[in-house]
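Chains A and B are the protein sequences, given in the same order.
Numbering (my numbering) for the first sequence: 534 to 714.
Numbering (my numbering) for the second sequence: 534 to 714.
Where is the CB? At the ideal position from N, CA and C, for every residue including glycine.
There are 2 protein chains.
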Amino acid sequence: MSSGGPDSITIQSITREADIGLGTFYNYFKNRDEVIDAVIIEEVETLGNRLDHLTEGMTDAAEIYSFSLRHLMNTAVSDPVWGWMVVRLGIAQQGLLSQLGPRAARDLQFGVDTGRFQITNIAIATDMTFGSLLAVMRNYLKSDRRVNPSNPYAENLLRMVGLSPKEAAEIANRPLPKLPD
Amino acid sequence: MSSGGPDSITIQSITREADIGLGTFYNYFKNRDEVIDAVIIEEVETLGNRLDHLTEGMTDAAEIYSFSLRHLMNTAVSDPVWGWMVVRLGIAQQGLLSQLGPRAARDLQFGVDTGRFQITNIAIATDMTFGSLLAVMRNYLKSDRRVNPSNPYAENLLRMVGLSPKEAAEIANRPLPKLPD
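Here's what the structure looks like:
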């Protein structure tokens, strides 16, 4: 997948690499796209776990939200194949929202509870977080990829949840701590 | 399309309704999806023109942006088939952005020029406007459809472009003028 892109994958190439028979393949998956979806969902889940570890001890909801958003976008920047798969397979509607949606909702709720965010509808803010993630990711991947959109993306969303433009800019541009393995 | 949904459309049903031959069909379109795309792009363009007429004389960028966003979302609320087609056909990546993207960029630039908006990157803000539109639209259509998300959607985006939470709430809930025909 990372060498030839998602289109290079065939059921034959999977069974050959995994050294299993076609029958075994069809015991688990209906078609090629189901495998790819499963891979992406697993990768997104792993990323979600790493973000959880990163932000575990943090107390400022704005910082938690900003760091998570920037790492999400950066994953597509540093691994465009991953980015394309997330964008192309419309995983927005499935994996991304199912694995990361509840985490984002939790972080947004924490911001509301601590008086940091001013949103009245967590579900709509969650949808907007991921819908805009995918749109920005897609156009980054289609572009010449010279400008990493992570910080302006996070800055815009920090304003969306109610921070002042000045504070949003400051927080979105803080040094980004590394993701734990 | 409006009676049976996009899946009910076949090339045969189109040529029968339009009373043309298959050969004529293939002179203009490669396949079924190309026709549906063309219909949606035309409808989106019409909507864009109506929004242009509505906001033509207005001087407050925040009001222009808010009215346009609410009408866009309301179109899916009042015509779910239209909404589903826009969402399902991934028109985000094509028609919506090609027809409405430049209009949104123009309105956002007007907000920056008049000191009303505080965004540094118009392209990213445009992507986020439409990416979040599609995500909210999709989840509205999938839901029980009891709560129209238009106003909270516009309110969130008004904050995103830099308005204070108080002003964003006020503007997003102003009476919405009707779209001209």
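Check, Outcome
"Three-way DSSP call (helix, strand, coil) for B/K675 in this model", "helix"
"B/L555, buried or exposed, once every other Cβ within 10 Å from all chains shown has been counted against 16", "exposed"
"Terminal residues of the alpha helix (DSSP H) in which A/N607 lies", "594-611"
"Buried versus exposed, by CB contacts within 10 Å (16 or more), B/N689", "buried"
"Selection of the region 598-615 of chain B by Cβ proximity to chain A, strictly under 8 Å", "none"
"Nearest to B/D646 (by Cα), restricted to the options B/N684, B/M618, B/V694, B/T662", "B/V694"
"Given B/E567 as reference, the closest of B/H586, B/V577, B/I544 once Cα atoms are compared", "B/I544"
"Contacts that A/P698 makes with chain B (C-beta to C-beta distance below 8 Å)", "Q651, G695"
"Pick from B/L666, B/P613, B/M591 that is closest to B/G634, judged by C-alpha positions", "B/L666"
"Completely contained alpha helix (DSSP H) runs for the region 543-597 of chain A, where each covers 4 or more residues", "544-551, 555-561, 565-588"
"Among B/K563, B/Y561, B/L605, B/T592, the one whose alpha carbon lies nearest that of B/T579", "B/L605"
"A/P682 at chain B interface by Cβ criterion, 8 Å", "yes"
"CB contact flag (B/F663, B/L641, <8 Å)", "no"
"Between the CA atoms of A/G648 and B/P685 - distance to the nearest angstrom", "19 Å"
"Outcome for B/I704 when other beta-carbon atoms lying within 10 angstroms are tallied against a minimum of 16", "buried"
"Proximity of B/T653 and B/A638 at Cβ, strictly below 8 Å", "no"
"Cβ of A/R636 within 8 Å of any chain B Cβ", "no"
"Closer than 9 Å at the beta carbon, the chain B residues around A/F663", "G664, S665, A668"
"For A/S670, the nearest candidate out of A/I657, A/V614, A/E596 (CA to CA)", "In the sequence under discussion, the amino acid at residue 670 of chain A is Met, which differs from the Ser named in the question. If we check each option's Cα against that of A/M670, A/V614 comes out closest."
"Amino acids of chain B, ordered along the chain, whose beta-carbon sits closer than 9 Å to that of A/A594", "Simply none; closest approach about 15 Å."
"Partner residues on chain A for B/P710, Cβ-Cβ distance less than 8 Å", "Within 8 Å Cβ-Cβ: nothing; B/P710 doesn't reach chain A, min ~23 Å."
"Distance, A/T548 Cα to B/E575 Cα", "45 Å"
"Where B/Q632 falls: helix, strand or coil (DSSP)", "helix"
"Whole-angstrom distance between A/G616 and A/R603, CA atom to CA atom", "14 Å"
"A/T662 in three-state terms, based on DSSP", "helix"
"Limits of the unbroken alpha helix (DSSP H) element including A/N689", "683-693"
"CB-CB length for B/V610 against B/N672, believed under 8 Å", "Wrong, their Cβ atoms sit about 12 Å apart, outside the cutoff."
"Pair within 8 Å by beta-carbon distance, A/L691 and A/A595", "yes"
"Chain-order list of residues whose beta-carbon lies under 7 Å from that of A/F562 (same chain, five-residue window excluded)", "V568"
"Distance CB(A/A687)-CB(A/S599) smaller than 8 Å", "yes"
"Chain B residues whose Cβ lies nearer than 9 Å to that of A/N689", "I652, N654, I657, A658, M661, M693, V694"
"Test item: CB-CB of B/L584 and B/P710 under 8 Å", "no"
"Cβ of B/P713 within 8 Å of any chain A Cβ", "no"
"Nearest-angstrom Cα separation, counted from A/V619 out to A/V572", "10 Å"
"Rounded Cβ spacing between A/N607 and A/S676 (contact assumed at less than 8 Å)", "Actually they do not touch by this definition, with Cβ atoms about 16 Å apart."
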